[in-house]
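S.K.:
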Amino acid sequence: MALPIPIDDVRLVVALDDPATGQTRDVLVEHVHGGEPILEREHGTETPRHTRYISGENIEIPWPRREPPVLNDEEWDTLRMEVETPTWTPSLHYAPFPPSVLDELRNKFSKYRTRHDPEWVEAKKMEDYRKEYLQSRSLLTPKGELIAMIQAKKKERLDARRDANGNMLMDDQTAGFIENFLKEKVANKAELTGARYGFTGTTPQYIPLFEDIAKYTSSLLVRNASAPVQPVETPTDGPAAKKRKLQNGDTAGQAQSPGDLKADAPLQFYMQDISFALPQRKKLTLEITAGRGFLRARNQTSKAVEFGIHVDKIRKFGDQSP
1 MALPIPIDDV RLVVALDDPA TGQTRDVLVE HVHGGEPILE REHGTETPRH TRYISGENIE
61 IPWPRREPPV LNDEEWDTLR MEVETPTWTP SLHYAPFPPS VLDELRNKFS KYRTRHDPEW
121 VEAKKMEDYR KEYLQSRSLL TPKGELIAMI QAKKKERLDA RRDANGNMLM DDQTAGFIEN
181 FLKEKVANKA ELTGARYGFT GTTPQYIPLF EDIAKYTSSL LVRNASAPVQ PVETPTDGPA
241 AKKRKLQNGD TAGQAQSPGD LKADAPLQFY MQDISFALPQ RKKLTLEITA GRGFLRARNQ
301 TSKAVEFGIH VDKIRKFGDQ SP
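According to UniProt numbering, the sequence shown holds residues 1 to 322 in order.
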């Protein structure tokens with residue numbers, strides 16, 4: 001009757017020669033490790049190729065000797081001559097296997113597949129293009145399509161008037177008007193300065209008089225600037241427009257010069273969709289009236305002039321001349 005034995009009770013027994021007595025006796029080996037040399041074994045044997053040693057002693061433990069199996073040739077065995085005869089020669093002109101074999105080697109529907117058929121790739125591209133077109137398209141009424149067409153044409157006209165950096169380009173007429181205005185202003189200032197210095201050079205005794213006149217004129221300018229200006233209201237048939245509040249508490253109408261600021265006058269230059277930050281952030285139409293008139297801003301919806309200034313009151317930054 002067979003009895004079960006725990007694996008921990010199994011030991012390797014090795015016959016070793018006792019160096020003291022010279023007798024051979026069986027020794028229990030607890031730890032074994034493998035190492036070199038790696039030997040070549042006969043074909044068909046199950047003996048491992050490595051050499052085993054007793055750990056700590058480096059004593060070689062020989063493997064049990066096993067006889068190689070006897071192999072007999074049978075009728076169904078392939079002859080050596082047939083095995084060594086080449087029956088297929090690879091060629092670059094033909095594929096090594098039919099293309100359908102690829103689907104058997106790799107999963108055709110795998111999500112990790114990176115190589116696809118050209119027809120499948122083209123079909124997927126068309127699906128993506130169609131999805132992008134449907135997402136970009138919105139349902140528009142005939143009125144909405146008309147508004148979209150008008151906006152597109154308006155954008156094309158504005159883009160045509162911009163340079164490569166996106167800045168607006170001025171036509172020759174506007175550029176000539178600005179250039180002539182600056183030249184005339186510089187000429188008038190130079191003429192006035194030359195006359196003043198020429199007169200005081202010939203009559204130096206009048207220099208204190210001119211200084212007193214300049215001080216008095218400066219005081220008048222300061223007094224006029226601090227006093228509120230009453231605007232001239234033009235009668236209209238519609239309801240009265242609301243006054244926009246400024247930062248100093250005055251209304252937009254009180255900050256403008258009276259007279260013909262809001263009057264209809266021929267324009268020298270205008271530009272739409274100009275963004276203003278003060279007194280309120282919005283887009284207005286910038287206008288310059290002809291004949292050294294006003295630089296003003298007009299509401300694009302109500303067509304009303306909201307604020308402006310006379311061209312002669314525009315000064316270059318740092319210019320302290322009256």
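Using N, Cα and C, we set each Cβ at its ideal position, and we do this for glycine too.
Specify whether the stretch 275-288 and the stretch 296-303 touch according to this definition: at least 3 beta carbon pairs, one from each stretch, less than 8 Å apart.
M.R.: yes
S.K.: On the DSSP bridge assignment, give the partners of residue 12 in chain order.
M.R.: Locating residue 12 in the sequence shown gives position 12, where the first residue counts as 1. Under DSSP, residue 12 takes part in a beta bridge, and its partners are 29.
S.K.: So is residue 293 buried or exposed if we call it buried at 16+ other beta carbons inside 10 Å?
M.R.: Counted from its first residue, the sequence shown places residue 293 at position 293. Buried is the call here.
S.K.: Between which two residues does the beta strand (DSSP E) carrying residue 52 extend?
M.R.: Position 52 of the sequence shown, counted from the start, is the residue given in the question as residue 52. Per DSSP, residue 52 belongs to the beta strand (DSSP E) from 51-54.
S.K.: Nearest by alpha-carbon distance to residue 323: which of 299, 289, 127 and 210 is it?
M.R.: With the chain covering 1 to 322 only, the question about residue 323 has no answer from this structure.
S.K.: Rounded to a whole number of angstroms, what is the C-alpha to C-alpha distance between residue 35 and residue 7?
M.R.: Looking up residue 35 in the sequence shown gives position 35. Looking up residue 7 in the sequence shown gives position 7. About 24 Å.
S.K.: Give, in chain order, every unbroken run of the alpha helix (DSSP H) that is at least 4 residues long and sits entirely within the stretch 112-176.
M.R.: 118-136 and 142-160
S.K.: Do the stretch 53-66 and the stretch 30-45 touch if we need at least three Cβ pairs shorter than 8 Å?
M.R.: yes
S.K.: Based on DSSP bridge pairs, tell me the residues matched to residue 271.
M.R.: The sequence position of residue 271 within the sequence shown is 271, counting from 1. Answer is 286, bridged to residue 271.
S.K.: For residue 261, does the count of other Cβ atoms within 10 angstroms reach 16, so buried, or fall short, so exposed?
M.R.: In the sequence shown, residue 261 corresponds to position 261, counting from 1. Buried.
S.K.: Assuming residue 80 is part of the alpha helix (DSSP H), what are its boundary residues?
M.R.: Translated into positions along the sequence shown, residue 80 becomes position 80. Residues 80-84.
S.K.: If you drop the 5 nearest sequence neighbours on each side, which residues of the same chain put their C-beta closer than 7 Å to that of residue 12?
M.R.: Position 12 of the sequence shown, counting from 1, holds the residue named residue 12. Excluding positions up to five away in sequence, the list reads 29 and 32.
S.K.: In whole angstroms, what is the alpha-carbon distance linking residue 95 and residue 88?
M.R.: As a working mapping, residue 95 is identified with position 95 in the sequence shown. As a working mapping, residue 88 is identified with position 88 in the sequence shown. Computed Cα separation, rounded: 13 Å.
S.K.: So, is residue 315 buried or exposed, given that buried needs 16 or more other C-beta atoms within 10 angstroms?
M.R.: Reading the sequence shown from its first residue, position 315 is the one you call residue 315. Burial call: exposed.
S.K.: Have a look at 82, 187, 47 and 84 and flag the residue whose alpha-carbon is nearest the alpha-carbon of residue 66.
M.R.: Position 66 of the sequence shown holds residue 66. Among 82, 187, 47 and 84, the Cα nearest to that of residue 66 belongs to 47.
S.K.: For residue 207, which residues does DSSP report across the bridge?
M.R.: In the sequence shown, counting from the first residue as 1, residue 207 sits at position 207. Per DSSP, none; premise fails for residue 207.
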